Amino acid sequence: MRSPRICCLDLDTFFVSVERLLDPSLVGRPVIVGARPGQRGVVVAASYEVRPLGVHSGMSMSEAIRLAPHAEFRSPRHDTYGPYARRVRAVLERFTPAVQTASIDEFYVDFHGCERLHRRPGDVDDDAALVRLLHELRATVHREVGLPVSAGVGCTRRVAKIASGLAKPNRALPVDDGRHLGSGVVLVPAGQERAWLGSLPLRRFPGIGPKAEQRLAQLGLHTIEELLALPPGPELDEVHRVRGWIQGAFEGETLDLGRDRPAFREHDPEGSTLGSISNECTFPRDLSRRAEVEQHLLALVERVCWRARARGVQGRTVTLKLRYRDFHTVQRSRTCAPTAEDAEVLKTARALLERAWSRRVSIRLLGVCLSNLAGPDRQLQLPLGAPIRSPSTAIDVVRQRFGFAAIRRGQAVGRSR
DNA sequence: TCTGGGGTCCTAGGACCC
DNA sequence: TCTGGGGTCCTAGGACCC
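Under the numbering used here, think of the first position of the first sequence as 51, with each following residue one higher.
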């Protein structure tokens, strides 16, 4: 039976919120987390105080400084944020066993089958019970972890995701129209998706980014309702596809929805989709000397292979990504036997660099990706004291105790450091 | 001094096999 | 000699998400 029981929980301005926990003097002040001023980089998180000025994540730092020179700037500390996210997840798991981590600041929880468990006297119906429960959950996260979280509920993940955006505080709100926008919890009742969400810009629908928004706008389509109201007839592929997504998300279909499966899978038990492992680096200044570029290439290969071995996987496909000074970007890849050995991956990566770097233009970014992952390979798992089989595993033993940076190859470190 | 980093998913063309 | 499809794998690029 269709009922809104998929919930998207989103930590509000997560990195900023953690920085404020660690430094309470930042509370109530404009905060921007991102690259240090003067460095190449972008805004990673911006507090609500600077958003009206036009500052948003993804914006270049120089632009953010221009718009909000009075803001407090902080460099991201990714090692610090993860433990907070895990503590939030632990709280969620006390409310329902079906919790999926979608990203560092976003979770999906499924309350199907939990209705009776959480229903209490005084609840008008199951929807009301769920909204009350989610307010309890938010309060618990705030009390125990100290972080603000917003919740959106719907029949599908995409609807829940949109609803969580509407639930966020500190937005410009219409007068309360019964949808409780900005209250921290928004539940879209089954069957009312179009009425509740139709007036939203198409950009708010997950999967429609800047490019698709622009193409649809050229066709005179700006809101979800405008797209759904289009009379049937010969349509452009894109319109047809997007309309299919939206209808599927609104009607709660479970077939052919791809990313909108209602059932959660934290790990693929077949191991068929192990994803990829990549590292990339934008250089402080563009590089034109071969030796300098190769030095960075080795450092990237070392890091990717180390992460692969730590996960106990090997990759068959090596991809090299290269971005020139003028931002033109190319990728070259090669598939061979599975490996997670620095020397083998480096050999492939060097050959790919040879092919990719075909213009006499300096380079601003280099990246290495290992994909087509297979494993886990038991032989490569490394409990302390495991037999050492290759130079890489010898290095890994040191790194397991002291961290990645504790031991490096001379060529990857370079003369200047 | 514009434009990060780590990912996933999709598309399209070509090779190759049956 | 000409003309097929279907399926799978590989490669390259691009959109999108957080």
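All C-beta atoms in this analysis are idealised placements derived from N, C-alpha and C, irrespective of residue type, glycine included.
It should be emphasised that the depicted structure is a prediction, and the values quoted were computed from it without experimental measurement.
Cβ distance (whole Å) where residue i is taken to contact residue j below 8 Å
| i | j | result |
| --- | --- | --- |
| VAL94 | VAL83 | 5 Å |
| ALA279 | ARG366 | The Cβ separation is near 47 Å, so there is no contact. |
| GLU263 | LEU277 | Between LEU277 and GLU263 the Cβ distance is about 11 Å, and since that is not below 8 Å, they are no contact. |
| VAL448 | LEU396 | Not confirmed; about 19 Å, so no contact. |
Residues near residue i in its chain [Cβ-Cβ closer than 8 Å; skip 5 each side]
| i | result |
| --- | --- |
| PHE454 | ARG353, TRP356 |
| TYR158 | ILE56, CYS57, CYS58, LEU59, VAL149, GLN150, ALA152, ARG207, ALA210, PHE314 |
| SER412 | ASP336, LEU337, SER338, TYR374, ARG375 |
| VAL141 | LEU187, THR190, VAL191, GLU194, VAL195 |
| ARG400 | GLU344, LEU347 |
| GLN89 | MET111, PRO334 |
| GLY435 | Here GLY435 scores only 47 on pLDDT, less than 50, and its place in the model is too uncertain to base an answer on. |
Buried or exposed by the 16-neighbour rule on C-beta atoms within 10 Å, applied to residue i
| i | result |
| --- | --- |
| VAL235 | buried |
| VAL138 | buried |
| SER75 | exposed |
| SER214 | buried |
| LEU347 | buried |
| GLU243 | buried |
| GLN345 | buried |
| ARG291 | exposed |
| SER408 | exposed |
| LYS261 | exposed |
| GLN364 | buried |
| PHE452 | exposed |
| VAL70 | Checking the displayed sequence, the identity of residue 70 turns out to be Arg instead of Val. Buried: at least 16 other Cβ atoms inside 10 Å. |
| PHE255 | buried |
| ARG414 | buried |
| ASP446 | buried |
| GLY302 | buried |
| ALA201 | buried |
| ALA245 | exposed |
| GLY460 | exposed |
Beta-carbon proximity of residue i to residue j, cut-off 8 Å
| i | j | result |
| --- | --- | --- |
| GLY368 | THR332 | Residue identity differs from the one stated: residue 368 is Val in this sequence, not Gly. Taking 8 Å as the Cβ cut-off, VAL368 and THR332 do not qualify as a contacting pair. |
| VAL191 | VAL181 | no |
| VAL343 | LEU416 | yes |
| ALA462 | ALA390 | no |
| SER233 | GLU275 | no |
| SER328 | CYS419 | yes |
| LEU184 | SER67 | no |
| ILE154 | ALA179 | no |
| PHE65 | PRO102 | no |
| LEU247 | LEU231 | no |
| ILE115 | PRO87 | yes |
| VAL203 | LEU167 | no |
Pairwise C-alpha distance: residue j and residue i
| i | j | result |
| --- | --- | --- |
| THR63 | SER97 | 6 Å |
| PRO10 | ARG335 | Within the shown structure, residues of the chain are numbered from 51 to 467, placing residue 10 beyond reach of any answer. |
| ARG229 | TYR131 | 32 Å |
| ALA456 | GLU330 | 20 Å |
| ALA358 | VAL289 | 40 Å |
| ILE296 | ILE212 | 12 Å |
| THR273 | ALA267 | 9 Å |
| ALA393 | PHE123 | 40 Å |
| ASP173 | GLU113 | 49 Å |
| LEU324 | ASN422 | 8 Å |
| VAL105 | PRO441 | 47 Å |
| ASP176 | ARG169 | 7 Å |
| ASP287 | PHE300 | 20 Å |
| ASP73 | ALA387 | 49 Å |
| GLU143 | GLY283 | 47 Å |
| ARG340 | GLU156 | 41 Å |
| HIS128 | LEU61 | 15 Å |
| LEU269 | PHE377 | 30 Å |
| LYS34 | ARG410 | For residue 34 there is no data in the structure shown, the boundaries of the chain being 51 and 467. |
| LEU271 | MET109 | 26 Å |
| VAL380 | GLN450 | 34 Å |
| ARG458 | ARG293 | 52 Å |
Same chain, Cβ closer than 6 Å to residue i, neighbours up to 5 away in sequence not counted
| i | result |
| --- | --- |
| ARG405 | ARG382 |
| SER53 | ALA240 |
| GLU99 | PRO80 |
| PRO219 | GLY232 |
Other residues of its chain near residue i: CB distance less than 7 Å, five sequence neighbours each side excluded
| i | result |
| --- | --- |
| THR146 | VAL159, ASP160, PHE161, CYS164 |
| SER107 | VAL93, VAL94, ALA95, ALA96 |
| GLY91 | GLY84, ALA85, MET111 |
| VAL77 | ARG70 |
| PRO171 | none |
| GLY468 | One cannot answer for residue 468 here, as it falls past the ends of the chain, which runs 51 to 467. |
Cβ-heavy atom distance, residue i to the ligand COA, below 7 Å
| i | result |
| --- | --- |
| ARG188 | The ligand content of the structure shown is nil, which means the ligand COA is not present either. |
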